Amino acid sequence: MSAPSDPPPSDAAQPDAPGPSHTQASPPARRRYIPQRRSFTRVFAVKISNECIRQWLRCYWDKTWPGAREQYPSDEAFYQFACRVEHLVIDSMVRPIYHHVRNLPPLKRNLITISDPAETKRDEYLFVFTDNSSPEACSLKLRKGDVRAAMRYLGVQDQEPQVYDLRGLRISRVI
Numbered sequence: 005m006s007a008p009s010d011p012p013p014s015d016a017a018q019p020d021a022p023g024p025s026h027t028q029a030s031p032p033a034r035r036r037y038i039p040q041r042r043s044f045t046r047v048f049a050v051k052i053s054n055e056c057i058r059q060w061l062r063c064y065w066d067k068t069w070p071g072a073r074e075q076y077p078s079d080e081a082f083y084q085f086a087c088r089v090e091h092l093v094i095d096s097m098v099r100p101i102y103h104h105v106r107n108l109p110p111l112k113r114n115l116i117t118i119s120d121p122a123e124t125k126r127d128e129y130l131f132v133f134t135d136n137s138s139p140e141a142c143s144l145k146l147r148k149g150d151v152r153a154a155m156r157y158l159g160v161q162d163q164e165p166q167v168y169d170l171r172g173l174r175i176s177r178v179i
């Protein structure tokens, strides 16, 4: 019989016993995209401004090829060259948004490029929070704080998201 001053047996004497520090963390749950159908005519979105796109191009270029931007004589010469890969840069900047804003319902088709056939100005990008392509996508519950956080991440916090009627506009690319 052990003396009352002896410490009680501990789990440290059993190295094979899993303790709270030995449990394996489960992998993060894969996010399920909201079902969307092929056609849509209205979206609740925010427009990504040209200045925002230029800022993303600078950041992407400097991160991917440090110092390469200085070989161009001016910023305008750089942007004329970089516009060829603009859609790749925008896609890579928008894709991680659901990682940074965890409560934002994820849409697979969240970035669209539109242009007005009557005007000659360049295409505009819209980041879509919800659309009318399916009942699930149409009835998403968006929290104002999540929308604001997404807009801050995108760099368009000075805008208000709005409903865009896409009838009559040319949708050149859906990402």
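With the first letter of the sequence shown counted as 1, position 37 gets the number 41 in the numbering used here; the numbers rise by one all the way through.
From the three backbone atoms N, C-alpha and C, an ideal C-beta is built for every residue, glycine too.
Given the structure is predicted, the values throughout are model-derived calculations rather than measurements.
Between the region 46-54 and the region 68-88, the count of C-beta pairs closer than 8 Å stays below three; the two stretches do not touch. Its chain contains I38, P39 as the residues whose beta carbon lies nearer than 7 Å to that of E140, once the 5 sequence neighbours on both sides are disregarded; these appear in chain order. In this model, C63 and R42 are separated by some 33 Å (Cα to Cα).
The region 163-176 and the region 65-74 do not touch, with fewer than three beta-carbon pairs separated by less than 8 Å.
Comparing alpha-carbon positions, the option among E74, Y76, K112, C87 lying closest to R58 turns out to be C87. Rounded to the nearest whole angstrom, the CA to CA distance from V160 to A154 is 9 Å. Beta-bridge partners of D169 (DSSP): R46. Closest option to D150, judged by alpha-carbon separation, among V105, S119, H91: V105. At least 7 Å separates the beta-carbon of V93 from that of L115.
Taking 8 Å as the upper bound for CB-CB distance, I175 and I118 are in contact here, some 6 Å apart. For L170, the CB contacts under 6 Å within the same chain, skipping 5 residues up- and downstream, are T45 in chain order. G71 has its alpha-carbon roughly 40 Å from the corresponding atom of R147.
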